[in-house]
Every structure is written in C-alpha cells, then in structure tokens.
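Numbered by our numbering, the letters in the sequence shown go through residues -3 to 603 in order. Shown next, in structure tokens, is the structure this report addresses.
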Amino acid sequence: MKLEPGAQVNDRITLVERLEGGAMGSVWIADHAGLGTQVVVKFLDLGDLPSQDQSVKRFAIEARAAASVKSPHVVQMFDYGLTDDDTPFIVMERLAGEPLQAKLKREGRLSLAETVPIISQACRALTVAHELGVIHRDIKPGNIFLTVAHDELIVKVLDFGMAKQSLERDGSRITDPGVVVGTPAYFSREVLTSGSHAADAQADLWALAVVAYRCLSGELPFRGANVTEICRAILRRSFPKPSELEPSLSAEVDAWFDRAFAEDVSARFADARELGTTFSALAETPPESADVVAPPASEPAPGIGPAPYLAIGAIGVVAIVVYAGDALWTPPPMPAALDTPPPPTATATSSASATPAPAPPPALPPLKTADPAGARSEHDEILVPGGDVWAGCHDGDLACEPRDPQRVQPFYLTRHEITVFAYAACVTAGACSDRDLQLADDGTHPRAPTGQCAWRQPAHESHPLNCVSYAQAESYCRFIGARLPTENEWLLAARGPDHRRYPWGDEAASCARAVMQDDRGRACGERGSHVAGSWPEDVSPSGALDLGGNVREWTASWLDDGQTRRVIKGGSWLDDDPQALRIGTRHALAPAETSVRVGFRCARSPE
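Laid out in structure tokens, this is it:
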C-alpha cells in the first residue's frame, strides 16, 4: 500500500497527513468515517526488518496490551489489522495536549500541587494494567500525556509497545534472559540485575517514582555521563534527597522517595494504588482540588499536533526487542470482547416460584466488534439467551399495554447502567456530546439547570449518567459498537421466561431490594442516585443489575404509532411507588426530552 494523503487504509480510515515517524515505521493522522473524528494510525515497515514474522507478532502484542487495559487514563486503542498488502497497522485516538516531557522541558520543574494529580492518575492506569497482568516497562515523562477534558487535567499513559503480559500460554518469554528494554534512567534495580523478562509491577512503580522525582526536583535521581554510570547509580541507590535540590520540599517527601527506591522490594509500596495514595497525601490538598496548571487546551493546527507522541516510541521498541534475539512465539488470541457469565443463582430474596434462567446456548458466537476507548471498563456485558418473553401486565402495572408473548433473539446487554465515567470517555474522544447534560425537566421549568444531574457532580463518576437525551444515549452505544435495547429485549433481560413482577422476583420493591425513595423521601438514605451496580439484590435472572431502580432507562421502541415518544423502562431513585419499579410498567419521553430519572444501558446483537 502506498502511504500518502487520501490513501484508504480500509473502508473507514483515510490518511490525511504523515507525522514524525520512527526507524521501524510511520505515523499518520487519519479521518475515521465510523467514529466521525480524526485518529492516529501507526504502520510497521517490514522492508528492512531481519525477522518480519516476529515483528508482526510483537506489533500485535502492542495492540493487545493497549486494548486490554480499559481505563480513561490509557490511550484508547480503536483497531488493529493488516492492509491489503499485509502491512500491520494499529489505530488509536488523537489527543490534544502535550506529553509531560514537553512540559518539564519548558518549565523545568513542577510544584507538588501540580505533580500530585499527574502521578495519581498515572497510578490509576497502572492499577488497571497490573490487575490484568500487563507490565508497561517504559514509564517515563514521554509516555505520560497531559490533556484537558471539561476544564480538568486528564493524564493518559501511552505506548504499551514494550509491555510484558502474563497472558502467555505456551511458556515462551517476550524478552530473553539478560536482555533489558526500556529507558536506562528509569530502570529498576531488579531489571538491571535480572533482565526485562523478570520485570513485574515493581518495575513500573520504580519508574513512576523516578518520574515524580523529576517533576519535583527538575533532575533525575540516578545520573551519570553514560549508561554504565547511570546503571551503577541505580544499583548503589545513589541519589540526592529531593529537598537538597528543591528546599521547599519537606522531609516527608524525602522519606517517600526513600521508600520508593528501597533496596528491599518488600519495603517499597505494595502496588500502584498505595503509591498513588501515599503520594497524594504529601500535598496539603487532595489532587482533585489541587491548583493544576493544565497543558494547552487549544486544538492543534490542521494536520499537526501532539498526536505523534501516541505512537512513535513503540515503533522503535520493535527494533530493540527484535535485534535482542528474542525467540519466536505465538501470542495468545485477542481477548473476547464479551465473556459469557454463568447464570446467576437465586438470592434469598428471590421468589420461591421464580424459575432460573436457561443456560446460554454454547453455539452463540462472541461479538467481534472492538471496544474503541476502554469505555466499557466498568461495564462488562452479559449474554441474554433468546426466547419468548411474557410481555403482559400484572394488576396495578402503570401505563402497561397487555401483549402476547414476544419472541426475542439472543443478545448482549451491559450489566450496569452507563456511568458518568464511561460517557466521559466518549465525550473526550469527540464521539458524544455533553451539551445540556446538567439540564433536565424539573417539573416546572423544562430543561432547567439542576444539581440532580450526575454529570460533573463531585463524587458521581461511578453513578449512572442521567439527564441524557435519546440521541446522546444512542451516540454512546454506537461509540462502543452497540445500540439501545428494544423494549422486548429489556423485558427478557429483566423478567426471564417467567411472569415475575420485579427483576428479583415477586417481593414488593423497597430500599432493601432497589434504589428508590424511602419513607423519608430520600433515595435509600442518599440524596440522589447510587453507584451503578452497587445494589446486589436488584439482579435479574440474566444477571443484569439495577433494572428495577437507580435510574429509568431509554429503549429503542416507540410507545405509540405516531412515533412521538420512546418507551422508558425500570424505576428510579425518585420513585416512591413500588408499582413504578415493576417490570411491566411503561414510562415514556420524547427523544429530545431529558429527566433526572432517566439514564440508559446498551445492547448488541451477535454477529
């Protein structure tokens, strides 16, 4: 394939402009028709590589490593594939901002208040990666990107090209014993003594501590005239106290680095979460309220911007590991986009007459669509077996129209309602709108500002997104390759094959079983919604959570033949009548309307 402006990578991606590349390939800005935004495409040039097969496999490893780590603090991996002439490429998001390296070069050093949110958010990315067995192995300022979303600093970890994964199934190593990959000044003592094949989470924690030291002091802790001298300083743990370089730093800061660089691994921080928590405690204010100096938020010039930082480093990685003489190995298959969980067991509060959901049909294939943003990081999906759903009503069901049993094909459904956290990833990628998400119909002034909307509310990141229009909900589902469920699909997920009144059985709705208004007029003791999926009793036969309460949910079905209102299902944290939470109850809104009561979840059809 000839790489030039206007060239089609596939039917969705068109190259726009080449960015700075590396010795092993090229990096391009491209238009992505499916996402409606610009992306970064990285190609691997196989022409001069001594081991093309191995290089292709390592390129695939990078794609898998980045795609497996689902976090808003990790660069979003959209796709991986081969061109018509078998040139490997990966597609990732284009970011506006700058790498930490550029900020440090411009400003020299940062204050503790500026450094805390950077290290804290990087720790969140590493926490997710390490829990998946992914070790980055090249944490440094050039791989920590600073961008802005909703006037807040967002940190993203880039370049998993050197990542080591514990997903190897055949016992092969990614790196031979004695071979070291990465950036020397950020190597840990264990990497130097044992080689990169022995790197574990502690290698990333050590490197991130070096980044923190560089931010606060303006200098690297372990220095030398050449690589050999740097390595000797690391092995001897020879570094000046940060307060010697910057007198404003306290003795507590010095003690933190003494622990981070302790000779005995067991004396260091146990994991990324502890490292981030203890570092945040060094500041007088928590990172969320720190006076952060954000990177430039202006849009990059046409075709030019910070995007090359997303991809260049990993291209050079291929050269490092290939020429190091790694043994060839077959990487594991890409993790399935969806896992099929076992049918949930009945809880003590379930109806005694409720019948268990049938086992999922084993012949149903998994979905093949990619997860473009890690936006499902906290929303795994369940398989709802197809079958006949009882669409009838019980006595007292609100606005319910009795219907005959309806046949529904198997489908996938997000286990939880979509959260503020998840939707923010879509907004950051430019695929979703945040317009009017803080407005809703309060009953007196339609579309008025209200503090009951979860968007941008403190400590509401994990709450269901409400005050969202049908178009916004549909856009998010489309962003992750999904759609809104139909009413019949929602019914089948909530009810299963029986005639139960509520997702958990026939027992009346109360705060013991779902998030709704209690007898004091509060949402089960809170002033608003609850964290999505935090009410374990509100579970359906299919394993979906919060179908009874928390927020009502948009469906793709019209309520009337005139197609003026969409069906809304489920109850909300503002409902005080148990009937409002019944499966058969039908609410409705016009597509352009929003409500503090209404959120959504997404569904997919098997391919």
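No residue lacks a Cβ here, since even glycine has one placed at the ideal position from N, Cα and C. From a predicted model like this one, the values you see are computed outputs, not experimental measurements.
Exposed unless 16 or more other CB atoms sit within 10 angstroms - verdict on Leu306: For Leu306, the predicted model reports a pLDDT of 30, less than 50, meaning its position is unreliable and no value from the coordinates is stated.
Beta strand (DSSP E) segment containing Thr551, residue limits: Here the beta strand (DSSP E) through Thr551 covers 548 to 554.
Residues near Ala3 in its chain [Cβ-Cβ closer than 6 Å; skip 5 each side]: Excluding sequence neighbours, Ala3 sits near Leu11.
Any beta strand (DSSP E) of 3 or more consecutive residues that is wholly inside the stretch 95 to 161: Runs found: 140 to 145, 148 to 153.
Beta-bridge partners of Gln453, as assigned by DSSP: Paired residues: none, contrary to the question.
Cα-Cα separation, Thr1 to Ala145: The residue you asked about is not Thr; residue 1 is Pro in the sequence shown. Rounded to whole angstroms, Pro1 to Ala145 spans 29 Å at the Cα level.
Reduced DSSP category for Phe596 - H, G, I as helix; E, B as strand; rest coil: Of the three classes helix, strand and coil, the one that applies to Phe596 here is coil, per DSSP.
Helix, strand or coil at Glu248 [DSSP, three-state]: Glu248 falls in the helix class under three-state DSSP.
Host alpha helix (DSSP H) of Gln468 (start-end): Taken as a continuous stretch (DSSP letters only), the alpha helix (DSSP H) holding Gln468 covers 466 to 475.
Residue span of the alpha helix (DSSP H) that contains Gln405, given as start and end: No alpha helix (DSSP H) contains Gln405, which DSSP labels as neither H nor E.
Glu270 versus Thr482 - alpha carbon distance: Rounded to whole angstroms, the separation of the alpha carbons of Thr482 and Glu270 is 43 Å.
Pair within 9 Å by beta-carbon distance, Ala395 and Thr581: Taking 9 Å as the cut-off, the beta carbon of Ala395 is found closer than this to the beta carbon of Thr581.
Residue interval of the alpha helix (DSSP H) (run including Val206): In this chain, the alpha helix (DSSP H) harbouring Val206 covers 197 to 213.
Beta-carbon gap between Gly567 and Gly545 smaller than 9 Å: Cβ distance < 9 Å, so Gly567 and Gly545 count as in contact.
Separation of Asp250 from Thr224, as counted between CA atoms: Rounded to whole angstroms, Thr224 to Asp250 spans 26 Å at the Cα level.
Backbone secondary structure at Val5 - three-state DSSP: Val5: coil per DSSP, three-state reduction.
The stretch 427 to 435 / the stretch 550 to 570 touching (three or more Cβ pairs under 8 Å): Between the stretch 427 to 435 and the stretch 550 to 570 there are fewer than three inter-stretch CB-CB distances shorter than 8 Å, so the stretches are not counted as touching.
Ile564, DSSP secondary structure in three states: In the structure shown, Ile564 sits in a strand (DSSP, three-state: E or B).
Own chain residues within Cβ distance below 6 Å of Ser591, not counting five before or after: Answer for Ser591: Ala436, Asp437, listed in chain order.
Per-residue burial, Gly492 [other beta carbons within 10 Å of its own, 16 or more giving buried]: Within 10 angstroms of the beta-carbon of Gly492 lie 16 or more other beta-carbons, which makes it buried.
C-beta contact flag for Thr424 and Gly272 at 9 Å: Contact annotation: Thr424 and Gly272 have beta-carbon atoms that are not nearer than 9 Å.
Distance, Phe475 Cα to Gly32 Cα: Cα to Cα, the separation comes out at about 10 Å.
Contact check, Asp534 vs Pro587, beta carbons under 9 Å: Cβ distance not < 9 Å, so Asp534 and Pro587 don't count as in contact.
Inter-residue spacing [alpha-carbon to alpha-carbon] between Phe235 and Val112: Taken atom to atom, the span from the alpha-carbon of Phe235 to that of Val112 is near 21 Å.
Residue environment, Glu470, which counts as buried when at least 16 other CB atoms sit within 10 Å: Buried is the call here.
Assigned secondary structure, Glu589 (DSSP; H/G/I helix, E/B strand, else coil): Residue state, collapsed to three classes: coil.
Reference Leu106; option with closest CA among Glu215, Ile378, Ala387, Arg509: If we check each option's Cα against that of Leu106, Glu215 comes out closest.
Proximity of Ile114 and Leu149 at Cβ, strictly below 9 Å: Going by C-beta atoms, Ile114 is nearer than 9 Å to Leu149.
8 Å contact criterion, which His459 and Ser525 should meet: CB distance rounded: Their Cβ separation, rounded to whole angstroms, is 5 Å, which keeps His459 and Ser525 in contact under 8 Å.
Given 8 Å, three or more beta-carbon pairs between the stretch 73 to 88 and the stretch 119 to 135: Contact fails: fewer than three Cβ-Cβ distances are below 8 Å.
Secondary structure of Ser64, DSSP reduced to three states: When DSSP states are grouped into helix, strand and coil, Ser64 belongs to the helix group.
Whole-angstrom distance between Arg210 and Val36, CA atom to CA atom: Taking C-alpha positions only, Val36 is separated from Arg210 by approximately 29 Å.
Nearest-angstrom Cα separation, counted from Asp75 out to Cys507: About 43 Å.
When Gly21, Trp531, Ala268 are compared against Ala121, the one with the closest alpha-carbon: Nearest C-alpha to Ala121: Ala268.
Phe218 beta carbon less than 9 Å from that of Ala256: Taking 9 Å as the Cβ cut-off, Ala256 and Phe218 do not qualify as a contacting pair.
DSSP three-state assignment for Glu89, whether helix, strand or coil: Looking at Glu89 - three-state DSSP - the assignment turns out to be strand.
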